[in-house]
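Note that UniProt numbering has the sequence shown beginning at 1, numbered continuously upward. Below is one structure, written out as structure tokens; the observations come after it.
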Amino acid sequence: PEDYKKVAEYVCKDKLNLSPSDEFLNNITAMAKEYCDTRTDKPSLSDMKEIDNLIIDWVLDVYRNFHVNLLEYAQNVSYSFYDRYIQMEYDGSTETHYSINKYDYRYQNNPFNINDIYERNKHREFVFDHKGELEMLIMYYWLFEDVKDPDYWSEYVTLCIANERVNLASQKRILKPVSVSGLDYPSEITTNIKFIDTANGILKENPGANYILCITYDKMNDDAMWKNKDALDIMISNLHVSFKAFGAPELLEFISPYSTPGYNEEAFFNKYQLFEKSMRRYNKMKIAIINGYTKSNKGKSYLYSTVEDIVRLRNTCKEMKLQLKLAVDLTDRSGKNSLKSNIEDMVNTLATMRNFIVGLHINDISSWGRNSHIYENDKRHEYINTMDYPSLSMFMAGLSSVLQDSRSRYFIPNYVKNSDALEILIDTLYRGGCYFESEVINLEEERN
């Protein structure tokens, strides 16, 4: 209301040269409010695809209660910097437009002069104590509309939360680190979850209170448990003995059975139903299937390997009301993991089944080009940053999109070469906006 009154006073004094009566001033104030109400569009949810739900609620509440569109304001601020710092050039020989950015916006304490913006507006109750959220809206438009740099968004949000610059956002892309023999995590990451594999279900030594057990296939037994009832019974019996001695794991996972003549999905699910039923007594244990890494076993193909296979798997699990989940195998030891053959297809598919995914097996982040190619496909308009910021690989950008929720998933680096390679992998995941659960717990303890 005080803003409308200031507008009315400005109009009367500077435009009409009047000393208005209270009644006239009130009429002009009402007209100013009515004008603003008719000119202010409602914030569009489609314009907030990558923004945290809590911030979306704040934006909608502000519009509902004060008829102020914060998205429009943020867009205008972003454009003012675009107008000031973006140089446009055109190459007639290639018919290509170039947008060259000269504004350094990454890792800044005061991007877009947010301190000044906040000081000028903190008297408004919907802005007070929300400087970080307002900055985030401006950065969102800057990255996705003006400079086409979605690479930085996930890391930026992570930094805002870690540095407590925002109050209305929650951690996303949370990974639960799993300890693998021979690998050491960086000192800031702690874990007490061990990765154990077995070919017969027998645990020879105590794995500890928290562990993941992975059923693998050896040359002697291969995947017989899914094709032979006697072999399945032996595996179930051995697992019961192991769990009675040491306790059940947090996650029991197994690799997809092989695809062989005469063996189909119906035969697999007939055996799996028996397996799941036998494990119901361990009500805190999750069970997951690992998609087969097609080129990792001397030419043998798996029943579940491709994106299309995973879609069928998930649909069947839903139809049969099974508890089976997916541990995605994203290892790429030979550069031929079938899930990476079409990054965009993988991202779009896995992002629709986030609640189906409980873990990630990963050994490296390969560079597959700038992630902006996923979002921006205009070959006649190039966006260039003079600061030469590092870009995420297309694969990492896609993985970041798949993990875009607050669920915690197991991070299982069982094919990482050594501790140095693990540190490089973790640094890349940090830049993709990932948290590790031990860090999330530490942050919550510090805040409390």
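C-beta atoms are modelled at their ideal positions from N, C-alpha and C, and glycine is treated no differently.
Query	Result
Nonlocal neighbours in the same chain, by C-beta distance under 6 Å from Leu429, ignoring five residues either side	none
Distance, Glu125 Cα to Gly433 Cα	31 Å
Of the listed residues Ala162, Ser179 and Leu137, nearest to Leu422 (C-alpha basis)	Ser179
Beta-bridge pairing of Val328 - partner residues as DSSP gives them	Leu360
Local Cβ density within 10 Å of Asp420, reported as buried at 16 or more and exposed below that	exposed
Host beta strand (DSSP E) of Ala288 (start-end)	Lys286 to Ile290
Three-state class that DSSP yields for Tyr10 in the structure shown	helix
Residues near Arg354 by beta carbon distance below 6 Å, same chain, minus five either side	Asp405
Residue 517 classed as buried or exposed, judged by whether at least 16 other C-beta atoms fall within 10 angstroms	Examination of residue 517 is not possible in this model, given that the chain is present from 1 through 448 alone.
beta-carbon Pro390 near the ligand NAD non-hydrogen atom, thresh 7 Å	Of ligands this structure carries none, so the ligand NAD is not represented either.
Residue environment, Asp427, which counts as buried when at least 16 other CB atoms sit within 10 Å	exposed
Nearest neighbour of Ile289, chosen from Tyr282, Ile100 and Val328 [CA to CA]	Val328
Sub-8 Å separation of Ser80 and Ile384 beta-carbons	no
Given Ile202 as reference, the closest of Ala248, Ile174, Asn210 and Leu60 once Cα atoms are compared	Ala248
Validate contact between the segment 70-90 and the segment 148-162 using beta carbons, cut 8 Å, 3 pairs	no
Outcome for Ile424 when other beta-carbon atoms lying within 10 angstroms are tallied against a minimum of 16	exposed
Given 8 Å, three or more beta-carbon pairs between the segment 190-208 and the segment 164-175	no
Residue closest to Ser93, alpha-carbon to alpha-carbon, out of Leu403, Leu399 and Arg380	Arg380
When Ser181, Ser256 and Gly398 are compared against Tyr293, the one with the closest alpha-carbon	Ser256
Element boundaries [beta strand (DSSP E), containing Lys42]	Careful: Lys42 lies outside any beta strand (DSSP E) and carries neither H nor E.
Buried versus exposed call for Lys13 [16 or more other C-beta atoms within 10 Å across all chains shown]	exposed
Through-space distance from Ala30 to Asp71, alpha-carbon basis	It should be pointed out that residue 71 corresponds to Leu in this sequence rather than to Asp. Each residue's Cα considered, the two are about 24 Å apart.
Closest Cα partner of Ala209 within the set Asp388, Ser242 and Tyr302	Ser242
Sequence-distant residues of its chain with Cβ nearer than 6 Å to Pro111 (five each side left out)	Tyr105
According to DSSP, residues forming a beta bridge with Leu251	Ile212 and Lys286
Bridge partners - residue 487, DSSP secondary structure assignment	The chain is shown only over 1 to 448; residue 487 falls outside these bounds and no answer can be derived.
At least three beta-carbon pairs within less than 8 Å, the segment 268-283 to the segment 221-240	yes
8 Å contact criterion, which Glu133 and Ile56 should meet: CB distance rounded	Going by Cβ atoms, the distance from Glu133 to Ile56 rounds to 11 Å, so no, they are not a contact pair.
C-beta atoms of Leu137 and Ala74 nearer than 8 Å	yes
Between the CA atoms of Lys244 and Lys194 - distance to the nearest angstrom	18 Å
Outcome for Ser46 when other beta-carbon atoms lying within 10 angstroms are tallied against a minimum of 16	exposed
Where Phe411 falls, given that 16 or more other Cβ within 10 Å makes a residue buried	buried
Assigned exposure category for Phe275 - 16 Cβ within 10 Å defines buried	buried
Distance between Ser21 and Leu143 (C-alpha atoms, nearest Å)	48 Å
Glu89 (DSSP reduced to helix, strand or coil)	strand
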